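Asker: Below you'll find the structure I mean.
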Amino acid sequence: MTSHNSQVTANIAEINARVEKATSQDELVTLIRDVENHSGPLDYDDTHYRIYTWAHLILGILIPICIFFWGFLGAAVTPVYWVIHYSSFWLPLWSLYILWAVLDDRNKRLPLPTIFDTSWARIAVLGVLAVGLWFLYEWHILYWEYFNLLSMLLGFYENYAGLSVHLLIIGGLLWFWLRGRAKWRDPVSEKIFLLDALFNNDLKPVKCDGKGLAKTLGEEFAEFIRGNDIRQIKDLYQGKFEGEEHSFEYQLYCFHYVKKRTETYTDAKGNTQTRTVRDHFYRHGFIVDFPYVKSLSLDADRSISFRGEKYRGTSNEFNRIFKVKAADPISAARLLSPVLEEQLVTFAKAFKSPTLEISSRGRLCVAVQDNLLSLKRKHGLENPGAFAEEIAGHTELKEVQKILDLLHELMRYTDNNFTAETPRVSA
57 MTSHNSQVTA
67 NIAEINARVE
77 KATSQDELVT
87 LIRDVENHSG
97 PLDYDDTHYR
107 IYTWAHLILG
117 ILIPICIFFW
127 GFLGAAVTPV
137 YWVIHYSSFW
147 LPLWSLYILW
157 AVLDDRNKRL
167 PLPTIFDTSW
177 ARIAVLGVLA
187 VGLWFLYEWH
197 ILYWEYFNLL
207 SMLLGFYENY
217 AGLSVHLLII
227 GGLLWFWLRG
237 RAKWRDPVSE
247 KIFLLDALFN
257 NDLKPVKCDG
267 KGLAKTLGEE
277 FAEFIRGNDI
287 RQIKDLYQGK
297 FEGEEHSFEY
307 QLYCFHYVKK
317 RTETYTDAKG
327 NTQTRTVRDH
337 FYRHGFIVDF
347 PYVKSLSLDA
357 DRSISFRGEK
367 YRGTSNEFNR
377 IFKVKAADPI
387 SAARLLSPVL
397 EEQLVTFAKA
407 FKSPTLEISS
417 RGRLCVAVQD
427 NLLSLKRKHG
437 LENPGAFAEE
447 IAGHTELKEV
457 QKILDLLHEL
467 MRYTDNNFTA
477 ETPRVSA
């Protein structure tokens, strides 16, 4: 027999599958309406898990308090003492019952006759096991030996401390697990909202080898030579921009890189230790063909090194923000007209740590620290009616559009500059 929770899991999996297969805004709206009128269960019944979890957390907190005040409280803590002392009796049996429930949720069962599928039959089995554990003295010894070992590993000398830590760890893990199950609509809503934005802005997700692509791009652009550990393209999208004078295809990406470092710290016993720390960073940007100039960089980030000769523009504010290097300074002079310098200054003020890099292959990479696909939705699947109306509207990626407009201006002014007479390079 399929349990309630296993039906919920199957229904959620079906919804996720439909989201992954969606190819248009209309399909997303239809999906949300179907969720609103779904005939099957969509919420887990986790009451027994929650009782088990909170019992772990509460008891894990009570144990050290009772130990500390044992001599002061006396008889007041006696009931708690007996609960703790006989935990070797009730805790394993309760855990077995929870394990039984988890298997039911996954449509799996222990190799027992079907009569044991009923709650009363399971309680009877647990009762028999309880009697067996009561007379199995060796079990109680092994049980407390485990917590005694855990206590010593943590630097304590009371086996109750090990039990407390065990209960808090298990309870904490279960709490996060239950929280995720209760809020399963949030990540699905985020996925739907992002997909809708991609559809509205004609962006198509592209599957790629993230680490392999980052390595290939690193051979072309210095922008991707960051960090000293992991480098990968986390997300990649393909789009096309239709402008008044230029139309072009582009790739929008999210680049993830890691800086690994070693730091020293003092442990609980006062000893100096070392550990490896990894700091994670993300950069977002565009890659587009740019045949007008080659081997030129504009750097307002100052975190990496670019090759080429230094060049200074005509604007003091531009020179203060951007560090320009080019294989051919004449090309930089032709590219960076006063009007374009002004637009680049505006761009640098609107985004964090921007860089513009034109490779020797004639491709332009514009990168910023801002998350270009950061979206804020008002509703979600917890309110499907309002969410469907929100999705049915147009979601504009304003930050993406700003950079696309800049790319169009770069092409427009550069096209004009490079068909005109070559100007002199300023001293």
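To convert, note that position 225 of the sequence shown is 281 in my numbering; the numbers rise steadily by one, no gaps.
Note that CB positions come from ideal geometry on N, CA and C, so glycine has one too.
None of these values were measured; they are calculated from a predicted model.
Output the distance between the C-alpha atoms of Phe-426 and Ala-78, rounded to the nearest integer angstrom.
Answerer: First, the amino acid is wrong: residue 426 is Asp here, not Phe. C-alpha separation (whole angstroms): 27 Å.
Asker: Can you tell me which residues form a DSSP beta bridge with Glu-365?
Answerer: Ala-382.
Asker: I'd like the list of long-range same chain contacts for Gly-283, defined as Cβ closer than 6 Å, with 5 residues on each side in sequence excluded.
Answerer: Cβ neighbours of Gly-283 beyond the five flanking positions: Tyr-313, Val-314 and Lys-315.
Asker: Taking Cβ to Cβ, would you say Gly-266 is nearer than 8 Å to Lys-290?
Answerer: For Gly-266 and Lys-290, yes; Cβs fall inside 8 Å.
Asker: How would you write the range of the alpha helix (DSSP H) that Tyr-100 sits in, first residue to last?
Answerer: It is not in any alpha helix (DSSP H) - Tyr-100 carries neither H nor E in the DSSP assignment.
Asker: Can you tell me whether Lys-405 is helix, strand or coil according to DSSP?
Answerer: Three-state result, Lys-405: helix.
Asker: Do Leu-308 and Phe-342 have their C-beta atoms within less than 8 Å of each other?
Answerer: Contact: yes.
Asker: In this structure, how does DSSP classify Gly-283 when only helix, strand and coil are distinguished?
Answerer: Three-state DSSP puts Gly-283 in coil, outside helix and strand.
Asker: Using 10 angstroms around the beta-carbon of Leu-229, count the other beta-carbons present and answer buried if the total reaches 16, otherwise exposed.
Answerer: Label assigned to Leu-229: exposed.
Asker: Can you list, in chain order, the residues of its chain with a C-beta nearer than 6 Å to that of Arg-468? Leave out the 5 residues immediately preceding and following it.
Answerer: Within the same chain, Arg-468 has close Cβ partners Glu-301.
Asker: Return helix, strand or coil for Arg-74, following the three-state DSSP convention.
Answerer: Helix at Arg-74.
Asker: According to DSSP, simplified to helix, strand and coil, what is Phe-212?
Answerer: In the structure shown, Phe-212 sits in coil (DSSP, three-state: anything other than H, G, I, E or B).
Asker: Identify which residue in Gly-295, Ile-114 and Tyr-100 has its Cα closest to the Cα of Ala-238.
Answerer: Ranking the options by Cα distance to Ala-238, first place goes to Tyr-100.
Asker: Leu-234 and Gly-218: beta carbons closer than 8 Å?
Answerer: No, the Cβ-Cβ distance between Leu-234 and Gly-218 is not below 8 Å.
Asker: For the beta strand (DSSP E) containing Tyr-153, name the first residue and the last one.
Answerer: That residue, Tyr-153, is in no beta strand (DSSP E); its alpha helix (DSSP H) goes 143-161.
Asker: Would you mind reading off the limits of the beta strand (DSSP E) that contains Lys-164?
Answerer: Here Lys-164 belongs to no beta strand (DSSP E), and DSSP marks it neither H nor E.
Asker: Can you tell me where the alpha helix (DSSP H) with Ser-245 in it begins and where it stops?
Answerer: Looking at the DSSP string, the run of the alpha helix (DSSP H) that includes Ser-245 is 241-256.
Asker: Using three-state DSSP, classify Lys-325 as helix, strand or coil.
Answerer: Of the three classes helix, strand and coil, the one that applies to Lys-325 here is coil, per DSSP.
Asker: Nearest to Leu-113 by CA position, among Ser-220, Ile-140 and Arg-89, is which residue?
Answerer: Checking every option, the nearest Cα to that of Leu-113 belongs to Ser-220.
Asker: Using a Cβ-Cβ cutoff of less than 7 Å, which residues in the same chain neighbour Ile-377 once the five nearest sequence positions on both sides are dropped?
Answerer: Here the set comprises Ala-356, Val-401 and Ala-404.
Asker: Smallest Cα separation from Ile-225: which of Trp-190, Ile-179 and Tyr-108?
Answerer: The option with the nearest alpha carbon to Ile-225 is Tyr-108.
Asker: With a 10 Å radius around its C-beta and 16 neighbouring C-beta atoms as the bar for buried, classify Glu-76 as buried or exposed.
Answerer: Per the 10 Å Cβ criterion, exposed.
Asker: Cutting at 8 Å between CB atoms, please list the residues of its own chain near Ser-144, excluding the five before and the five after it.
Answerer: So the list reads Leu-189, Trp-195, His-196, Tyr-199 and Trp-200, once near-sequence residues are dropped.
Asker: Under the rule that 16 or more other beta-carbon atoms within 10 Å means buried, what is Ser-353, buried or exposed?
Answerer: With 16 or more Cβ atoms within 10 Å of its Cβ, Ser-353 is classed as buried.
Asker: Could you give the residue range of the beta strand (DSSP E) that holds Val-424?
Answerer: Here the beta strand (DSSP E) through Val-424 covers 419-424.
Asker: Would you please state the rounded distance, in angstroms, between the beta carbons of Gly-364 and Ala-383? I believe it to be under 8 Å.
Answerer: Confirmed, about 5 Å.
Asker: By the three-class DSSP mapping on this structure, what secondary structure does Arg-334 have?
Answerer: Here Arg-334 sits in strand by DSSP.
Asker: Look up His-312 in the DSSP assignment and say whether it is helix, strand or coil.
Answerer: Note: His-312 maps to strand in three-state DSSP.
Asker: Taking Ile-88 as part of the alpha helix (DSSP H), name the residues at either end of that continuous run.
Answerer: Here the alpha helix (DSSP H) through Ile-88 covers 81-92.
Asker: The alpha helix (DSSP H) spanning Leu-273 covers which residue range?
Answerer: 266-274 is the span of the alpha helix (DSSP H), which, as asked, contains Leu-273.
Asker: Let me know if Ile-459 comes out buried or exposed under the rule of 16 or more other beta-carbons within 10 Å of its beta-carbon.
Answerer: Ile-459 should be labelled buried.
Asker: From the DSSP output, which residues share a beta bridge with Leu-352?
Answerer: According to DSSP, Leu-352 bridges with Ala-382 and Ile-414.
Asker: Expressed to the nearest angstrom, what Euclidean distance is found between the alpha-carbon atoms of Ile-119 and Pro-135?
Answerer: Each residue's alpha carbon lies about 12 Å from the other.
Asker: Per DSSP, which residues does Gln-288 bridge with? Please list them.
Answerer: In DSSP, Gln-288 forms a bridge with His-312.
Asker: For Ile-71, which residues from the same chain have a beta carbon less than 6 Å from its beta carbon, with the 5 sequence-adjacent residues on both sides left out?
Answerer: No residues qualify anywhere along the chain.
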